[in-house]
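Here the protein sequences come in this chain order: A and B.
To convert, note that position 23 of the first sequence is 118 in the working numbering; the numbers rise steadily by one, no gaps.
To convert, note that position 20 of the second sequence is 115 in the working numbering; the numbers rise steadily by one, no gaps.
Reading through the structure tokens given below for one structure.
Protein chains: 2
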Amino acid sequence: MNKAATRTAIVHAALAQLETAGYAALTAESVADAAGISRRTFFNYFPSIEAALNEPNRLLLENAVGVLDELDPAIDLLSAAVTAVESLVDPALLEPIANLYLHASAHPQMARMQLEAWNDCAEALTEIITARAPHGTPLAASVLAQSVIGAGKAAFAAWSRELGESPDAADPRRTALLRATLAEAVAQLRDGFPSLQRRAPHPRKA
Amino acid sequence: MNKAATRTAIVHAALAQLETAGYAALTAESVADAAGISRRTFFNYFPSIEAALNEPNRLLLENAVGVLDELDPAIDLLSAAVTAVESLVDPALLEPIANLYLHASAHPQMARMQLEAWNDCAEALTEIITARAPHGTPLAASVLAQSVIGAGKAAFAAWSRELGESPDAADPRRTALLRATLAEAVAQLRDGFPSLQRRAPHPRKA
DNA sequence: CAAAAAATTGCACGGCACGCAAGTTTGCAC
DNA sequence: GTGCAAACTTGCGTGCCGTGCAATTTTTTG
Numbered sequence: 096m097n098k099a100a101t102r103t104a105i106v107h108a109a110l111a112q113l114e115t116a117g118y119a120a121l122t123a124e125s126v127a128d129a130a131g132i133s134r135r136t137f138f139n140y141f142p143s144i145e146a147a148l149n150e151p152n153r154l155l156l157e158n159a160v161g162v163l164d165e166l167d168p169a170i171d172l173l174s175a176a177v178t179a180v181e182s183l184v185d186p187a188l189l190e191p192i193a194n195l196y197l198h199a200s201a202h203p204q205m206a207r208m209q210l211e212a213w214n215d216c217a218e219a220l221t222e223i224i225t226a227r228a229p230h231g232t233p234l235a236a237s238v239l240a241q242s243v244i245g246a247g248k249a250a251f252a253a254w255s256r257e258l259g260e261s262p263d264a265a266d267p268r269r270t271a272l273l274r275a276t277l278a279e280a281v282a283q284l285r286d287g288f289p290s291l292q293r294r295a296p297h298p299r300k301a
Numbered sequence: 096m097n098k099a100a101t102r103t104a105i106v107h108a109a110l111a112q113l114e115t116a117g118y119a120a121l122t123a124e125s126v127a128d129a130a131g132i133s134r135r136t137f138f139n140y141f142p143s144i145e146a147a148l149n150e151p152n153r154l155l156l157e158n159a160v161g162v163l164d165e166l167d168p169a170i171d172l173l174s175a176a177v178t179a180v181e182s183l184v185d186p187a188l189l190e191p192i193a194n195l196y197l198h199a200s201a202h203p204q205m206a207r208m209q210l211e212a213w214n215d216c217a218e219a220l221t222e223i224i225t226a227r228a229p230h231g232t233p234l235a236a237s238v239l240a241q242s243v244i245g246a247g248k249a250a251f252a253a254w255s256r257e258l259g260e261s262p263d264a265a266d267p268r269r270t271a272l273l274r275a276t277l278a279e280a281v282a283q284l285r286d287g288f289p290s291l292q293r294r295a296p297h298p299r300k301a
């Protein structure tokens, strides 16, 4: 009911304040004020500022896993993962996440929250894989899940590396590039590492 | 000089207190007292209790990456990774880490610190891979690094799942099993996922 | 409308993390 | 040894965190 609205109000207030006042200015009290609730109530919704900021991240990953879970179990998992990533079409969703990722490098607490989100996602993925392939060992399922999630993380890292010189936050191509990099990373995993150490059955044609 | 000794004294004090008094009893003051320093000095060495507890973890991962970096660049990376994992021979090093991992599930802060350690390790590994294969893209190097690290994480997860019913902390086979699982996970990655979704050379009929 | 259930709020408390400035130790040259 | 500088430690103060608790307000329901 109204709780969802309050929750998003908190998140928006936090993100807005991050843009205007910077990370250092974020306190539970100021965010709560901006969201129109008391400090104490803030802590009823989130255990920390970082958790509130991380909410978009959490939701997107949850959503991606959900999409993947719905796909036909017959297609192989890595192809399904590519599809799931490509379903993240809405730049409006990806944009705050991209932004936050760039902030995180300077703020360990934030970075750790994001790692936790990825990890939760990996656990969910492990369950899905286990359900799809009851013949495999739990270890194998977990390794595969971690690899897929790892590809996602690698994409963020490569993307922010590539951004480097152009910190133009307003450029809409920025999030487009991120989405492309994500898809490329998972595809890379699916196709092996021809340019690196892995033996590839067929080098893919550019 | 003496700083290293103080540092390890803090870590040992923290680990000891965790065993005797439990996680909830850990405060910066009590740990500092046990280590024979002031509370303020504790924070000169570590930014938090969790960081102190995580130190063995951090060191082992750092060490593993170092070992891998020393190996002959000619052998493929995943085989080298197996070797690096197998070099973690000393149960005395692995034991506190195993212990800590089991504690972490109940303590998000601790779990996040461990994730951060894995992540730092992945970044170091990315650099190594990039140095070894200058032909590959940075993205491919990062994906591969994350996969290797992911295998490590998967091993811990599978190990703790398998442990489940036998929480006998005194059993020395516990850490032996962990080491075996780690090696198995990386080997799994090296050899592909025949039992799961990955295409094998001879595809079985669906 | 009244009772019950759920949500919000203020208060208080112990602890965290760190800046700062005053001690204390250590190393080194003479 | 003496003196001195650099490095390390310590106490103090401060603002904020995260949560238990009980009181209050809001919402739901019969």
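Glycine residues also receive a C-beta, built at the ideal position from the N, C-alpha and C atoms.
At what residues does the alpha helix (DSSP H) containing residue i begin and finish?
i	result
Val238(B)	Pro233 to Leu258
Ile105(B)	Asn97 to Ala116
Thr136(A)	Arg134 to Tyr140
Ala129(B)	Ala123 to Ala130
To which residues of the same chain is residue i closer than 6 Å at the C-beta, ignoring the five residues directly before and after it?
i	result
Ala280(A)	Ala246, Ala249 and Ala250
Lys300(A)	Legend: pLDDT at Lys300(A) = 35, less than 50; position of this residue unreliable, value from coordinates given subsequently. Once the five neighbours on either side are set aside, Lys300(A) has no close Cβ partner at all.
Pro267(B)	none
Leu273(B)	Ala193 and Trp254
Pro151(A)	Pro191 and Ile192
Ala109(A)	Val126, Ala147 and Leu148
His202(A)	Tyr118
Helix, strand or coil for residue i, going by three-state DSSP, please let me know.
i	result
Pro203(B)	helix
Asp167(B)	coil
Ala176(B)	helix
Val184(A)	coil
Phe288(B)	coil
His230(A)	coil
Asn149(A)	coil
Pro298(A)	Below a pLDDT of 50, predicted positions are generally treated as unreliable, and Pro298(A), at 37, falls in that range; the measurement from the model is reported next regardless. Coil, per DSSP.
Pro191(B)	helix
Asp215(A)	helix
Between the beta-carbon of residue i and the beta-carbon of residue j, is there less than 7 Å?
i	j	result
Ala252(B)	Ser242(A)	no
Thr270(B)	Pro186(B)	yes
Ile224(A)	Ala240(A)	yes
Val162(A)	Ala175(A)	no
Arg135(A)	Glu124(A)	no
Ala217(A)	Ile244(A)	yes
Gly181(A)	Ala278(A)	The residue asked about is misnamed: residue 181(A) is Glu in this sequence, not Gly. The answer is yes: Cβ separation under 7 Å.
Thr276(A)	Trp254(A)	yes
Arg102(A)	Leu173(A)	no
With a threshold of 8 Å on Cβ separation, who are the neighbours of residue i within its own chain once the five nearest residues in sequence on each side are excluded?
i	result
Ile105(B)	Val126, Ala127, Ala130, Ile132, Phe137, Tyr140, Phe141 and Ala147
Gln112(A)	Ala120, Leu121, Ser125, Val126 and Ala129
Leu166(A)	Ala175, Thr178 and Ala179
If distances are taken between C-alpha atoms only, which option among the options comes closest to residue i?
i	options	result
Glu114(B)	Arg153(B), Ala100(B) and Leu195(B)	Leu195(B)
Leu188(A)	Glu165(A), Thr276(A), Ala201(A) and Leu155(A)	Leu155(A)
Ile170(A)	Leu258(A), Ala228(A) and Ala193(A)	Ala228(A)
Tyr118(B)	Asn214(B), Gly231(B) and Glu145(B)	Glu145(B)
Ala159(A)	Val177(A), Asn97(A) and Ser143(A)	Val177(A)
Glu257(B)	Pro233(A), Arg274(A) and Gly259(A)	Pro233(A)
Ala282(A)	Ala235(B), Asp164(B) and Ala109(B)	Ala235(B)
Asp215(B)	Ala109(B), Leu110(B), Ala99(B) and Glu157(B)	Glu157(B)
Asp164(A)	Ala219(A), Leu183(A), Gly287(A) and His230(A)	Ala219(A)
Apart from the five residues on each side of it in sequence, which residues of its chain come closer than 7 Å, Cβ to Cβ, to residue i?
i	result
Arg153(A)	Ala212
Ala199(A)	Met205, Ala206 and Gln209
Glu190(A)	Thr270
Glu260(B)	none
Compute every distance between the C-beta of residue i and the non-hydrogen atoms of the ligand ATP, then say whether any falls below 6 Å.
i	result
Ala127(A)	Only the bare structure without any ligand can be found here, which leaves the ligand ATP out of the picture.
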